[in-house]
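4 protein chains.
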Amino acid sequence: MSASETPTGPGLPELQRRLAEFAARRDWEPFHTPKNLAAALSVEASELLEIFQWLTAEESRDVMRDPGSAHRVRDEVADVLAYLLQFCEVLGIDVLAALEAKIERNEERFPVEEPGA
Amino acid sequence: MSASETPTGPGLPELQRRLAEFAARRDWEPFHTPKNLAAALSVEASELLEIFQWLTAEESRDVMRDPGSAHRVRDEVADVLAYLLQFCEVLGIDVLAALEAKIERNEERFPVEEPGA
Amino acid sequence: MSASETPTGPGLPELQRRLAEFAARRDWEPFHTPKNLAAALSVEASELLEIFQWLTAEESRDVMRDPGSAHRVRDEVADVLAYLLQFCEVLGIDVLAALEAKIERNEERFPVEEPGA
Amino acid sequence: MSASETPTGPGLPELQRRLAEFAARRDWEPFHTPKNLAAALSVEASELLEIFQWLTAEESRDVMRDPGSAHRVRDEVADVLAYLLQFCEVLGIDVLAALEAKIERNEERFPVEEPGA
Numbered sequence: 305m306s307a308s309e310t311p312t313g314p315g316l317p318e319l320q321r322r323l324a325e326f327a328a329r330r331d332w333e334p335f336h337t338p339k340n341l342a343a344a345l346s347v348e349a350s351e352l353l354e355i356f357q358w359l360t361a362e363e364s365r366d367v368m369r370d371p372g373s374a375h376r377v378r379d380e381v382a383d384v385l386a387y388l389l390q391f392c393e394v395l396g397i398d399v400l401a402a403l404e405a406k407i408e409r410n411e412e413r414f415p416v417e418e419p420g421a
Numbered sequence: 305m306s307a308s309e310t311p312t313g314p315g316l317p318e319l320q321r322r323l324a325e326f327a328a329r330r331d332w333e334p335f336h337t338p339k340n341l342a343a344a345l346s347v348e349a350s351e352l353l354e355i356f357q358w359l360t361a362e363e364s365r366d367v368m369r370d371p372g373s374a375h376r377v378r379d380e381v382a383d384v385l386a387y388l389l390q391f392c393e394v395l396g397i398d399v400l401a402a403l404e405a406k407i408e409r410n411e412e413r414f415p416v417e418e419p420g421a
Numbered sequence: 305m306s307a308s309e310t311p312t313g314p315g316l317p318e319l320q321r322r323l324a325e326f327a328a329r330r331d332w333e334p335f336h337t338p339k340n341l342a343a344a345l346s347v348e349a350s351e352l353l354e355i356f357q358w359l360t361a362e363e364s365r366d367v368m369r370d371p372g373s374a375h376r377v378r379d380e381v382a383d384v385l386a387y388l389l390q391f392c393e394v395l396g397i398d399v400l401a402a403l404e405a406k407i408e409r410n411e412e413r414f415p416v417e418e419p420g421a
Numbered sequence: 305m306s307a308s309e310t311p312t313g314p315g316l317p318e319l320q321r322r323l324a325e326f327a328a329r330r331d332w333e334p335f336h337t338p339k340n341l342a343a344a345l346s347v348e349a350s351e352l353l354e355i356f357q358w359l360t361a362e363e364s365r366d367v368m369r370d371p372g373s374a375h376r377v378r379d380e381v382a383d384v385l386a387y388l389l390q391f392c393e394v395l396g397i398d399v400l401a402a403l404e405a406k407i408e409r410n411e412e413r414f415p416v417e418e419p420g421a
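Here it is in structure tokens:
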């Protein structure tokens, strides 16, 4: 599982910077309104869902076994994260801090029922 | 801009681990098929878009000025990232590596027209 | 099944007209750009999907048995059709003709394998 | 505007029947769970939105002037309606009645401010 591996590549803030430079060098900034980026994020998330729409739950667990569909899944995952980071960039949102705050709210909202408690 | 600040909180891999533990302790794993998580990701991305659907491009740039809508935007951004990380967790995808690879492909696909070249 | 019943209420063109009048009387037309209506349609389709995101395929077949979820499904279905008709209205698209043309293209694209053929 | 023209082609109930027969003859019914059809509807609505994601509000009003994009818009509109009707078919929902009921609820929810009232 990737989350347990030591990361060796660039982290999220560096990738966010590279995406911002990428857009700036291509003069794409006028198109990158928060509204347009939210639409693009939603479109990419749907492209990821499209891969799974006719699969059973079980088939969906095996989607990375086929190299072609594995590549497609990784590509759509990257697009979703790319638009999310560009959205956060233009609005000055710290996405990791937003997620940490949300996890803490959810820990209060969904308390774990401890056995025997 | 958040990307240029020194991160002080937990990074992406640690948040992904916390989300995985969160789901495991609540016995939500049977619901977390790749198919269901892709659907949930798409639904959350649409909830983010909903905030912007009737705004003009200009209004969308000011969405963080109002504390209420700023909170809502941060909350939906967190939900999108949360489901994206949970999706990547169940399929063993390294999302940062996927994004880095995508940025490199896009740099070849969309070459910058250098002035004078 | 509803499709086999004799329709007694208003048809699609009349409902499209009522929706157009509804928006005009409330001065909502400036908001009803094709871009905004496409976003709203997508958001409503996701709200319909949200009802099903954690259900199994089998559970999803029984969703109309519970009066509360049946009402919610009908409500979201109506919202999707409402925005689709408003989108078609502002762009002058005959949605029934578009669907008929699509069905005819699909009949050529996906020929039926006749038994014994 | 199409809504004001006399319809000459098949109505909604007939198209819904043709779609049901189309799926039955191709043995697609096992895939057509309400959950899968809701996902497919959402994916198609996003494909429609994709056409508009980088356009300004003004540009979005002119989208039917270009024959290529006009065809694409009609095609996606047809796909949205097709999946909506197939979704309603498998759940026994009368989509026109659902929309009529919704319009009536909205007329109460958003009363028109009459001038001088």
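Residue numbers (the working numbering), protein chains in the order written: chain R, 305 to 421; chain F, 305 to 421; chain X, 305 to 421; chain H, 305 to 421. Heads up, the beta-carbon is just placed ideally off N, CA and C, and yes, glycines get one too.
For I397(R), which residues of its own chain have a beta-carbon under 8 Å away from its beta-carbon, when the five flanking residues on both sides are left out? F391
So which residues on chain H does R428(X) lean against when the C-beta distance must stay under 8 Å? Here chain X covers residues 305 to 421 and nothing more, so residue 428(X) does not appear.
Any Cβ of chain F within less than 8 Å of the Cβ of A344(H)? no
Would E362(F) be called buried (16 or more neighbouring beta carbons within 10 Å of its own) or exposed? exposed
Between A361(H) and chain F, is there a C-beta pair that is closer than 8 Å? For A361(H), the answer is yes, since a Cβ of chain F falls inside 8 Å of its Cβ.
Would you report the Cα separation of E325(R) and A401(R), rounded to the nearest angstrom? 22 Å
Taking only beta-carbon positions, decide if V394(F) is within less than 8 Å of chain X. No, its Cβ sits nowhere closer than 8 Å to a Cβ of chain X.
At a cut of 8 Å, does the segment 402-412 of chain R reach the segment 339-356 of chain R through at least three beta carbon pairs? no
Other residues of its chain near P338(R): CB distance less than 7 Å, five sequence neighbours each side excluded: If we look at P338(R) and ignore the five residues flanking it on each side, its Cβ neighbours are F391, V394 and L395.
Which class does Q320(H) belong to by DSSP, given the choice of helix, strand or coil? Three-state DSSP puts Q320(H) in a helix.
Determine, using beta-carbon pairs with one atom in the segment 343-354 of chain H and one in the segment 340-352 of chain X, whether at least three such pairs fall under 8 Å. yes
DSSP three-state call for F414(H): helix, strand or coil? Reduced to three states, the DSSP call for F414(H) is coil.
Enumerate in chain order the residues of its own chain whose CB-to-CB distance from V381(H) is below 7 Å, with the five nearest sequence positions on each side excluded. Apart from sequence neighbours up to five positions away, the residues of its chain that approach V381(H) with a beta-carbon distance below 7 Å are L352, ordered along the chain.
Which of helix, strand or coil does DSSP assign to P314(R)? coil
Using 8 Å for Cβ pairs, my map puts L385(X) next to L388(H). What's the rounded Cβ distance? 6 Å
Terminal residues of the alpha helix (DSSP H) in which H375(H) lies: P371 to L395
Can you tell me which of the three DSSP states L341(F) falls into? When DSSP states are grouped into helix, strand and coil, L341(F) belongs to the helix group.
Between the C-alpha atoms of G313(H) and R409(H), what's the straight-line distance to the nearest angstrom? 30 Å
Which of the three DSSP states, helix, strand or coil, is assigned to R329(X)? DSSP, reduced to helix, strand and coil, places R329(X) within a helical segment of the structure shown.
Local Cβ density within 10 Å of V399(F), reported as buried at 16 or more and exposed below that: A buried status is given to V399(F), since no fewer than 16 other beta-carbon atoms sit within 10 Å of its beta-carbon.
In the segment 327-353 of chain F, which residues sit with their C-beta less than 7 Å from some C-beta in chain X, listed in chain order? Listed in sequence order: F335, N340, A343, A344, S346, V347, S350 and L353.
Hey, V367(F) and R330(R) are a contact pair by Cβ (cut 8 Å); roughly how many whole angstroms apart? About 25 Å separates the two Cβ atoms, so there is no contact after all.
Measuring CB to CB, does G315(F) end up less than 8 Å from L341(R)? no
Would you mind working out which of H336(X), R376(X), E318(X) and I407(X) sits nearest D379(H), comparing C-alpha positions? I407(X)
Check whether A343(R) and H336(R) have beta carbons under 8 Å apart: no
Does L359(X) come out as helix, strand or coil in the three-state DSSP assignment? Coil at L359(X), not helix or strand.
Answer yes or no: does any C-beta atom of chain X fall closer than 8 Å to that of Q357(F)? The beta-carbon of Q357(F) is placed less than 8 Å from the nearest beta-carbon of chain X.
Quick one: grab the DSSP three-state call for V347(F). helix
Excluding five sequence neighbours on each side, which residues of the same chain lie with their C-beta closer than 7 Å to the C-beta of S373(H)? I355 and V367
Around the Cβ of D370(R), are there at least 16 other Cβ atoms within 10 angstroms (buried) or fewer (exposed)? exposed
Indicate whether at least one CB of chain X lies closer than 8 Å to the CB of R365(H). Yes, R365(H) lies at the interface with chain X (some Cβ there is under 8 Å from its Cβ).
At the level of alpha carbons, what is the spacing between D383(F) and R376(X)? Cα to Cα, D383(F) sits roughly 23 Å from R376(X).
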